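Here's the structure we're looking at; comments come further down.
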Amino acid sequence: MRRSKLLRAMPMAAMLLLTAAGGVLPAAAIAADAQPYAGQTITVILPPWGTLPKALLDDFTAKTGVNVDLQTLGWDDIRTKIVTSMVAGTAPADVTDVDWSWVGQFAAANWYLPLNDVVAKDVLSDLPAAPNFTVDGKLVAVPYNNDFRILIVNGAHLKAAGITSLPKTPDELLTAARAIKAKGIATYPLALPLSASEGTSTAWYLLTKAFGGDLFNKDMQPAFTDPQSGGYKALAFELQALKEGLIDPAMTGMTDVQLQQLFADGKVSIDLAGWAGNPSVYADKSKSKVADAVATGLVPNVSGKSRSYALPEGLGIPISAPHKEAARLFVAWWTQPDTQQAVYAALGDLPTLTSALQALNKEGKLVGGDTLLAQTPFLEPLFPAGAPAWYAEFSSAVSTTINQAAKGQLGLEEAIAAIAKGAREAMEP
Amino acid sequence: MPAAARTVGRPARGLGGSDARLGWLLVAPLAIVMLALVFVPLGMTLIDSLYRVDPMRAAQPFIGLRHYVDLAADTNVRTSALNTLALVAICVVLETVGGIAAALLLQRIEKGRMWLLAALIVPWALPPVVNALVWLWIYHPSVGLLNNLLLSAGLISHKVVWFNDRATALFLVAVVHVWRMLPLTAIIVLAALQAIPTDLYEAARLDGAGPVRSFLTITLPLIAGGLGIAMTQSTVFAFNLFDEAWILAGASLDTRTVLIQVYMSAFQQLHFSYGMALSVLLMLASLAVSIFYVLGVYRETRID
Amino acid sequence: MRRLPARLPVFLGVLLLLLWSLGPIYWSLVSSLMRPADLVADPPHYLPPVWTFEHYGKLLGATSSYFGTEIQSVWPQFKRALINSIVTSGAATIVTVLLAALGGYAFARLRFPGRDLTFALITATLAIPAYTVMIPLYRIMVAAGLIDTYLGVTLIYASAFLPLALWLMRSFYAVLPASLEEAAALDGAGRLYTLFRIVMPLAAPGLIAAALLTFLSAWGQFVVPLVFSPTLGTKPLTVLIPEFVGKNYVDYGLMNAAGMLSIIPPVLLVLLLNRYLIRGLTAGATK
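This is the structure we're talking about:
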């Protein structure tokens with residue numbers, strides 16, 4: 001494969017970063033002189049944004065002697081691939097992407113190797129997303145690609161509506177949206193997915209936290225049925241905003257990716273469920289018309305103290321993987337600050353190690369870095385004990401129901417009841 | 001009705017003895033492929049559907065028809081079944097009528113026929129993901145072609161969010177599927193049309209038959225076999241509709257098809273054998289509807 | 001002058017067909033030539049205000065940007081996937097049409113025990129959704145070592161598209177006059193000789209139709225290659241293209257450009273086969 005000079009230059013820069021940082025590799029995981037698995041080739045399945053440049057893969061091979069056969073699959077399709085091969089009794093690869101939402105299922109099915117010994121204690125405290133992947137004390141996957149929710153607004157829209165500070169509470173959010181709509185700056189200022197897709201569920205979870213609530217109580221009973229609960233208020237907020245015309249009725253057909261396009265085009269003012277990775281897309285002039293106007297802040301909260309959660313992706317090793325030990329080396333290698341910084345430089349994947357985030361921000365390389373770092377202490381896992389095995393079923397009930405309510409097929413009370421019913425059915429054995 | 005149409009199954013005279021050996025010899029390769037790659041896996045799935053195969057639970061007890069009973073009571077399954085039936089009805093009608101019309105049209109064109117056929121087939125060649133994304137843009141509530149064209153034609157007074165209405169949503173999903181699948185029907189019908197001897201039409205014209213009458217008395221009966229095949233495949237593909245609905249409206253209950261429900265149960269929620277049982281029901285349903293046509297076709301071809 | 005009014009409906013029909021078939025294709029083509037910002041203009045642009053080949057550049061050029069980062073061109077991957085699509089669809093077509101041409105003849109003309117039942121069973125498998133057999137099939141393919149091989153994917157496609165091709169071929173043989181074969185038999189021609197030299201040429205439209213159906217059905221496959229062709233060794237375009245959907249960003253321009261390039265081989269094939277389809281027609285008409 002021929003590469004141009006420019007292309008060669010980019011991973012080279014990433015390499016320089018690696019060597020310049022001169023990080024001492026955890027000796028237990030990767031020893032430079034002893035390469036017991038040299039010559040092995042591991043297969044790795046990652047989504048397209050995990051397409052590591054050759055220079056980085058070469059760095060791993062140089063350190064461990066292990067070759068990497070990197071396969072990319074569309075993100076939605078990775079699960080299909082994993083489920084098919086695991087049910088058929090073979091490993092899809094030596095290392096695969098594991099989304100936080102799959103963790104409960106994969107742990108219950110005992111499909112993935114616990115990776116607790118891959119991550120040292122001090123590294124674990126540097127990985128705020130690790131609880132998302134921990135079930136019964138077992139680390140099912142090690143987070144490698146970070147994502148959490150922040151508030152992203154079109155600063156120019158807010159300013160034009162006479163709003164000088166970022167909304168700190170849901171009420172302020174509504175006030176800002178109403179002002180923007182009243183001035184005719186944006187027809188539908190609030191962007192919130194209402195389609196029957198995962199993004200709709202996660203947005204409601206975030207708003208539940210914003211209203212000071214939780215999805216489930218300690219006994220895993222639905223905690224959103226009381227009209228005073230966060231979840232109830234969150235859905236009421238969504239439907240009210242929709243009714244007032246603050247949210248586009250067309251959101252019922254939009255996934256979060258399409259909604260981000262609207263924000264980038266300056267059609268909406270407030271991205272309520274902004275992803276940590278979005279600011280870099282919004283700030284990119286080739287993809288966004290609002291590159292100069294985008295501003296970021298903490299997720300608003302009724303208490304004024306922000307609460308948000310992470311939606312990270314991890315690297316996991318299937319229990320039947322043929323090269324488990326070499327695969328561990330790969331996971332360990334990716335869990336080093338230098339590697340994560342190099343990956344961010346090459347692919348824009350947000351590091352999961354707080355130290356790596358800080359280092360990047362210090363160098364001024366992190367878009368919206370201050371907000372990202374400010375939000376990090378307020379991140380909590382959506383499910384304190386890791387995503388439960390019934391998460392997929394529950395989440396699908398949530399998004400389908402909210403979608404129906406947004407289309408006017410269900411009222412608020414009915415929708416809440418339907419979600420609670422969906423939760424109970426999902427939990428039934 | 002020419003005698004040729006009734007020769008199905010009639011062996012050529014004189015060589016009856018070697019028929020059996022040669023017959024199996026010719027059929028053996030495909031029978032082996034089908035046995036190994038379709039019938040054996042199907043058998044495995046049928047057996048699995050009688051057990052509780054749920055990767056999240058260690059035990060896999062035999063549960064008989066429990067899944068099938070539970071499926072009948074599952075409201076999501078019922079909704080998706082209704083959606084699928086509606087989609088099948090719309091798709092089969094549109095594909096059959098449109099396919100025959102396109103084939104007849106192609107039959108009449110002499111100049112540039114090759115290019116017209118290529119144009120007809122293009123939709124089918126577009127990868128399904130791109131196809132659905134193109135239509136996603138067309139149906140887009142604000143910048144989509146559909147709204148803007150209807151608006152400038154004065155047919156609607158304001159932009160419509162098409163997928164907020166269940167019937168409209170189902171119809172629009174069906175249109176995307178028909179757009180992709182209509183060429184299949186057209187090709188089968190076109191090929192069948194070409195086997196009709198032209199002198200039959202001459203004779204009919206001499207008898208004073210108009211184009212409608214000769215279509216009903218000559219064309220339709222003679223392409224009935226091909227039409228049966230075309231309608232069966234339309235039915236089967238419509239029963240298995242997935243991509244279009246998934247990309248246009250996700251898991252929305254308004255357009256969720258049975259196959260999407262299968263995917264969600266088996267691959268997202270990991271209730272594996274429950275999803276497989278549903279897929280078996282889906283298969284039986286599309287088989288039942290198809291047999292209805294096939295029997296119709298045979299009845300049709302037997303009447304003289 | 002009688003011709004003009006008679007031609008008018010045909011003309012209108014052609015126009016309608018072209019609009020229906022090519023309208024969305026035109027839209028996809030235009031999208032692939034527009035800057036991302038122009039794509040979302042309201043009202044939409046029916047022609048690109050600024051023509052850009054950037055999306056094609058990303059696919060075909062030496063460098064490209066991917067999720068905002070310069071990376072190596074998508075072209076090596078795209079080329080690989082294009083070749084894979086052509087090879088697997090082509091091989092599946094050859095295998096399917098060959099098996100269907102032989103088997104269809106046997107089912108139409110020869111009498112042997114279990115014939116009707118075998119035919120009914122095979123045709124019935126048309127109704128099996130891919131998901132129903134996918135996991136057991138995966139076990140079989142793993143055991144046979146055929147995962148991520150051309151042979152494996154070809155065989156799966158063949159098993160999936162054989163029922164339709166077989167049924168089509170049988171119905172074609174069935175309407176051919178038996179008198180020709182009887183005459184050949186009287187002349188002392190062997191059964192297979194008759195099949196290849198006399199019957200198959202007559203069934204040419206059927207063979208071509210079956211070939212087109214199989215090739216295009218295989219071309220559009222997604223779930224099967226997703227599971228059975230995981231790597232670029234055999235991964236087809238249909239599996240590669242969705243990878244252009246990012247987690248934060250959908251590159252519509254790139255997807256449309258990829259879609260436009262991916263319809264070229266099937267359309268060329270149609271143009272090529274169509275000559276034979278027409279020849280088949282004229283041959284049939286003179287007999």
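Residue numbers (full-length UniProt numbering), protein chains in the order written: chain P, 1 to 429; chain F, 1 to 304; chain G, 1 to 287. Each residue gets a CB set at the ideal place from its N, CA and C atoms; glycine is no exception. It should be emphasised that the depicted structure is a prediction, and the values quoted were computed from it without experimental measurement.
Check whether residue i and residue j have beta carbons under 8 angstroms apart
| i | j | result |
| --- | --- | --- |
| V228 of chain F | V297 of chain F | Sequence check: residue 228 of chain F is Gly here, not Val. Yes, the pair counts as a contact, with Cβ atoms nearer than the cut-off. |
| T401 of chain P | G422 of chain P | yes |
| P318 of chain P | P114 of chain P | no |
| A129 of chain P | N110 of chain P | no |
| S273 of chain F | D70 of chain F | no |
| P183 of chain F | W135 of chain F | no |
| V173 of chain F | L87 of chain F | yes |
| Y139 of chain F | L248 of chain F | yes |
| V153 of chain P | T335 of chain P | no |
| L246 of chain P | A177 of chain P | yes |
| R139 of chain G | D19 of chain F | no |
| P300 of chain P | N132 of chain P | no |
Integer-rounded CB distance, given that residue j should sit under 8 angstroms from residue i
| i | j | result |
| --- | --- | --- |
| M34 of chain G | G259 of chain G | Contact doesn't hold; Cβ gap of about 14 angstroms is too wide. |
| F222 of chain G | P128 of chain F | 6 angstroms |
| M34 of chain F | E95 of chain F | No, M34 of chain F and E95 of chain F are not in contact; Cβ-Cβ is about 26 angstroms, not under 8 angstroms. |
| L206 of chain P | S288 of chain P | Rounded, the Cβ-Cβ distance is 22 angstroms, inconsistent with contact. |
| F215 of chain G | T93 of chain G | 4 angstroms |
| P193 of chain P | G184 of chain P | Their Cβ separation, rounded to whole angstroms, is 24 angstroms, which puts P193 of chain P and G184 of chain P out of contact at 8 angstroms. |
Buried or exposed (CB count within 10 angstroms, at least 16 for buried), residue i
| i | result |
| --- | --- |
| H157 of chain P | buried |
| G50 of chain P | buried |
| A183 of chain G | exposed |
| Q77 of chain G | buried |
| S152 of chain F | exposed |
| V270 of chain G | buried |
| N217 of chain P | exposed |
| H55 of chain G | buried |
| residue 492 of chain P | Examination of residue 492 of chain P is not possible in this model, given that chain P is present from 1 through 429 alone. |
| V281 of chain P | buried |
| Y157 of chain G | buried |
| D134 of chain P | Here residue 134 of chain P turns out to be Thr, not Asp, going by the sequence shown. Result: buried. |
| F62 of chain F | exposed |
| Q268 of chain F | buried |
| I264 of chain G | exposed |
heavy atom of the ligand ATP below 7 angstroms from residue i C-beta
| i | result |
| --- | --- |
| V294 of chain P | The ligand ATP is absent from the structure shown, which contains no ligand whatsoever. |
Chain-order list of residues whose beta-carbon lies under 6 angstroms from that of residue i (same chain, five-residue window excluded)
| i | result |
| --- | --- |
| residue 509 of chain P | This structure cannot speak to residue 509 of chain P, because chain P is shown only from 1 to 429. |
| F119 of chain G | F107 |
| S262 of chain G | L237 |
| A321 of chain P | A91, D94 and A327 |
| L176 of chain G | L202 |
| T123 of chain G | P163 and W167 |
| P48 of chain P | T72 |
| N116 of chain P | L139 |
| D256 of chain P | P193 and G199 |
Own chain partners of residue i with C-beta closer than 8 angstroms, once the 5 adjacent residues on each side are dropped
| i | result |
| --- | --- |
| Y112 of chain P | V98, F106, V140, A141, G316, I317, P318 and I319 |
| L270 of chain F | D54, P55 and M56 |
| L212 of chain G | L269, V270 and L273 |
| A191 of chain F | G226 |
| K414 of chain P | In the sequence as displayed, the identity of residue 414 of chain P is Glu instead of Lys. Answer for E414 of chain P: A405, listed in chain order. |
7 angstroms Cβ shell around residue i - same chain, five flanking residues per side excluded
| i | result |
| --- | --- |
| Q228 of chain P | none |
| V189 of chain F | G99, I100, A103, I223, G226, L227 and A230 |
| T185 of chain F | E95, T96, G99, A230 and S234 |
Run through the region 273 to 332 of chain P for me and flag every whole beta strand (DSSP E) of 3 or more residues, listed as ranges in chain order. 294 to 297 and 313 to 316
May I have a chain-ordered list of the alpha helix (DSSP H) segments no shorter than 4 residues that lie completely inside the region 36 to 65 of chain P? 54 to 64
Going residue by residue through the region 84 to 112 of chain F, where are the continuous beta strand (DSSP E) segments of at least 3 residues, counting only ones entirely within it? none
Can you list the alpha helix (DSSP H) stretches of 4 or more residues lying completely in the region 178 to 226 of chain F, in chain order? 198 to 206 and 211 to 214
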